[in-house]
Amino acid sequence: MSLPSKVLVANRGEIAVRIIRTLRRMEIESVAVYHALDADGRAVREADEAVELFGETPVGAYLDSEAIIAACAQSGAEAVHPGFGFLSENADFAEALAAAGILFIGPPPDAMRAMGDKIESKRLAKAAGVPTLPGSEDAVADVDEAIAVADQIGYPVLLKASAGGGGKGMRTAADADACREAFERASSEALASFGDGRVFVERFVERPRHIEIQVLADTHGTVLHLGERECSIQRRYQKVIEESPSPAVDEVTRERIGQTAIDLARAVGYTSAGTVEMIADDDGGFYFLEMNTRLQVEHPVTEAVTGIDIVEQQVRIAAGEPLSFGQDDVHFNGHAIEARVYAEDADAGFLPATGRLGVVRFPAGDGLRVDHGVVEGQEVTASFDPMIAKVIAHAATREEAIERLRSALAATVLLGVITNTSYLERVLASPRFKAGDTHTGFLDEHRDALAPRALPAELERCLVAAAALASPRFDPRLAAPEPLAEMGEWRP
Amino acid sequence: MSRPFEIGIDSERSHAVEVARHGDSATLTIDGRSYHGSLRPAGDGYELTLEDRTERVWTYVSGDTVWLHGFGACWAMSVIDPEKNLATTALSGDLASAPMPGTMINVGVAPGDAVAAGQTLVVIESMKMQSEIIAERDGIVDRVFVAVGETFDRGAPLVSLEIVAEPEEA
Chain E
1 MSLPSKVLVA
11 NRGEIAVRII
21 RTLRRMEIES
31 VAVYHALDAD
41 GRAVREADEA
51 VELFGETPVG
61 AYLDSEAIIA
71 ACAQSGAEAV
81 HPGFGFLSEN
91 ADFAEALAAA
101 GILFIGPPPD
111 AMRAMGDKIE
121 SKRLAKAAGV
131 PTLPGSEDAV
141 ADVDEAIAVA
151 DQIGYPVLLK
161 ASAGGGGKGM
171 RTAADADACR
181 EAFERASSEA
191 LASFGDGRVF
201 VERFVERPRH
211 IEIQVLADTH
221 GTVLHLGERE
231 CSIQRRYQKV
241 IEESPSPAVD
251 EVTRERIGQT
261 AIDLARAVGY
271 TSAGTVEMIA
281 DDDGGFYFLE
291 MNTRLQVEHP
301 VTEAVTGIDI
311 VEQQVRIAAG
321 EPLSFGQDDV
331 HFNGHAIEAR
341 VYAEDADAGF
351 LPATGRLGVV
361 RFPAGDGLRV
371 DHGVVEGQEV
381 TASFDPMIAK
391 VIAHAATREE
401 AIERLRSALA
411 ATVLLGVITN
421 TSYLERVLAS
431 PRFKAGDTHT
441 GFLDEHRDAL
451 APRALPAELE
461 RCLVAAAALA
471 SPRFDPRLAA
481 PEPLAEMGEW
491 RP
Chain W
1001 MSRPFEIGID
1011 SERSHAVEVA
1021 RHGDSATLTI
1031 DGRSYHGSLR
1041 PAGDGYELTL
1051 EDRTERVWTY
1061 VSGDTVWLHG
1071 FGACWAMSVI
1081 DPEKNLATTA
1091 LSGDLASAPM
1101 PGTMINVGVA
1111 PGDAVAAGQT
1121 LVVIESMKMQ
1131 SEIIAERDGI
1141 VDRVFVAVGE
1151 TFDRGAPLVS
1161 LEIVAEPEEA
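Heads up: the protein sequence lines correspond to chains E and W, in order.
Counting from 1, one number per residue, gives the positions in the first sequence under the numbering used here.
Counting from 1001, one number per residue, gives the positions in the second sequence under the numbering used here.
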């Protein structure tokens, strides 16, 4: 089987751009699809051709599998890379592509389905020998069963919706009374959010680290791991800073948890790139959380330390090529950290921000990678995910990677929309982060320490002076009151 | 003499500022004290000088917001006209505006409808969460600004109520 000569990228923004770049390097033609809001976007500019999608909502356009299959027919694309989000974990979409004779660059639909349900995937992980947290085997039937299970495994416990995600339908309980209330709330929230009120119980790990293993599996029976990523720095259950390796994982542990991830991938007949997510407790225990059957947002840190282009491997695996290297050929070099730049006001509860990006300048340099999908003049709207860019620093040591990433964030110019660049820089600079003392509650626990520092008076004066000199309001030549309202994009 | 404009940083502190230009430099009066400064093109950005301090900056002016990158961070500064600000303060409750950017999910009222304080006017979705926007007072709906499916920015007007004339006597 040979590589496809043309691939359609069923995504948008930075990940579409990133996939298109690998395709170009592999001398494969790329097709972008886009909603009208993204017509002037970077993905459309960089792709060899582009097909417009229409939808009732902008997100709906990218979820329209029939339109995407039609776009393949129209453009002659032989394969689809789904990126992440949108249709990337939709087994029906993968099957519809196969029925149309189009290659899906991702895992087999059965593996996607098996890993899509939290209870079923935990059962499969346990059967494959992956450590799982003690808890109910299945959804608990009622509040009495929930308490019985909790009493047996010991408190605190976590009640989790089987269909859950993003922290919805999730409650902790420290004793039986709290468990009673937590069960009612978790199941009613799950029913309201997902139309599925099934809840299961498991032991709650306090101050856990989020650690995940990248795996690659080809269609010839080779399954490898590319080491771990730690993604404990999260807000509202969404990752903000990710790194590889984890400061909490040594070589022996890496081999051990890497092997369990490989075992699980084999057990479900997995192929392509996938990620086994685990939580780690203070005592060196690692427990299965879930398997993501797609490329992850934070894959660049693994690419930085291994030198392996994961998207390229996905394309080759989908085309039936065997992996050209073995586990012993995978080496981990230095330390990489990624920061996700979001259009949001981190100091106001991470409220999403919108506006027009009037000036965009990203830093460049040795050991620095910026994946972004924005162009100057672009509107950042509430229609899509608020991630603007990923800034990734790679260096010999964790300390150097932290400093390199801090400098890069300080040099990132995004004017016209509030972003979290300064907040990310403060997180990286905090002593607890530098010490590697991270857990998933880190940002909440250190909220006060991460608040903006008071500005020195001289610096504040400089900023005020610059604003006054830049604003047409202070220019007597432009003092006529009415036209000011029309002067939206005026630059000095 | 009109009151000087004010400039606020990240909507916290504000400073009274006046600018007297001479050539490409200026005397700035900030909170009553004078400073010598300039903002000159340099590379694809600008060079700010204030007294003996110089810094490379990028700026972007959007209406009365001045965005600036310098000193290792991005800043949003607001130019405030103290007189205009006083003049346009709306009567609270006349206008329901968006607390955050989002998408309109449901519009429960139409112009001319009578609504009671606490009644749901519209339902919006932001950050994958739905929120109800409720009427702050009793009144008659004047306008609905956003249709179902449309998106809006933070602070965008959503629903206005007819202005009620102040009662003549208490």
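The beta carbon of each residue, even a glycine, is placed where N, CA and C say it ideally should be.
| Secondary structure, alpha helix (DSSP H): runs of 4+ residues fully inside the segment 228-287 of chain E | 251-267
Item to complete: Have a look at the DSSP bridge pairing and note the partners of residue 322 of chain E.
Response: Looking at the DSSP assignment, residue 322 of chain E forms no beta bridge with any residue, so it has no partner.
- Top-ranked residue by Cα proximity to residue 1006 of chain W, from W:1082, W:1022 and W:1156: W:1082
is_contact[residue 1158 of chain W, chain E] using C-beta, thresh 7 angstroms: no
Taking three-plus beta-carbon pairs below 8 angstroms as touching, is the segment 258-278 of chain E in contact with the segment 208-228 of chain E? yes
| message | Closest to residue 508 of chain E by C-alpha separation, out of E:292, E:365, E:263 and E:291, would be which residue? | response | Any property of residue 508 of chain E remains undetermined from this structure, which presents chain E solely from 1 to 492.
### Query
Given that residue 1015 of chain W touches chain E, what residues does it touch there, using C-beta distances under 7 angstroms?
464
Based on the DSSP output, what are the partners of residue 1050 of chain W in its beta bridges?
W:1037 and W:1053
Which residues, in order along the segment 1099-1116 of chain W, keep a beta-carbon less than 7 angstroms from a beta-carbon of chain E? 1100, 1101, 1102 and 1103
Exercise. Consider the Cβ of residue 1037 of chain W: report whether some Cβ of chain A lies at a distance smaller than 7 angstroms.
Key: Looking at the structure shown, chain A is missing, and the protein chains on hand are E and W.
Does residue 483 of chain E get closer than 7 angstroms to chain W when you measure Cβ to Cβ? Residue confidence is low: residue 483 of chain E scores 43 on pLDDT, short of 50, so the model does not pin down where it sits. Its coordinate-derived value is still stated next. So no, residue 483 of chain E is outside the interface.
*Exposed or buried, which one is residue 258 of chain E when buried takes at least 16 other CB atoms within 10 Å?*
buried
Exercise. What in chain E is Cβ-close to residue 1072 of chain W, meaning under 7 angstroms?
Worked result: 410
Checklist entry - Which of the residues in the segment 441-474 of chain E, read from start to end, lie with their CB under 9 angstroms from any CB of chain W? => result 452, 455, 458, 459, 460, 461, 462, 463, 464, 465, 466, 467, 468, 469, 470, 471, 472, 473 and 474
Practice prompt. State the start and end residues of the unbroken alpha helix (DSSP H) segment that holds residue 299 of chain E.
Written response: 299-306
Residue(s) in a DSSP beta bridge with residue 1152 of chain W:
W:1102
Boundaries of the alpha helix (DSSP H) in which residue 94 of chain E is found, first to last residue:
91-99
(Q) Could you compute how far the alpha carbon of residue 267 of chain E sits from the alpha carbon of residue 124 of chain E? (A) 8 angstroms
Neighbour list for residue 56 of chain E in chain W, Cβ cutoff strictly below 9 angstroms:
1149
Mind pulling the beta strand (DSSP E) runs of 3 or more residues that sit fully within the segment 384-436 of chain E? 387-395 and 413-415
Practice task
Determine the DSSP secondary structure at residue 1170 of chain W, reduced to helix, strand or coil.
Solution key: Low local confidence applies: a pLDDT of 38 at residue 1170 of chain W is under 50, so the model's placement there is unreliable, and no value is given.
How would you call residue 307 of chain E, buried or exposed, if buried means at least 16 neighbouring beta carbons within 10 angstroms?
exposed
Helix, strand or coil for residue 1096 of chain W? Go by DSSP, reduced to three states. strand
Requested in this report: Provide the residue(s) that pair with residue 510 of chain E in DSSP beta bridges, ordered along the chain.
Outcome: This structure gives no information on residue 510 of chain E, because the portion of chain E shown stretches from 1 to 492.
Could you tell me which of E:249, E:428, E:224 and E:363 sits nearest to residue 329 of chain E, measuring between CA atoms? E:224
- Query: Do the CB positions of residue 6 of chain E and residue 77 of chain E come within less than 7 angstroms of each other?
  - Reply: yes
> Looking only at DSSP bridge pairs, what is residue 473 of chain E linked to?
Replying inline: Residue 473 of chain E is not bridged to any residue.
query = Along chain E, in chain order, which residues have C-beta atoms closer than 9 angstroms to that of residue 1005 of chain W?
reply = 468, 471, 473 and 474
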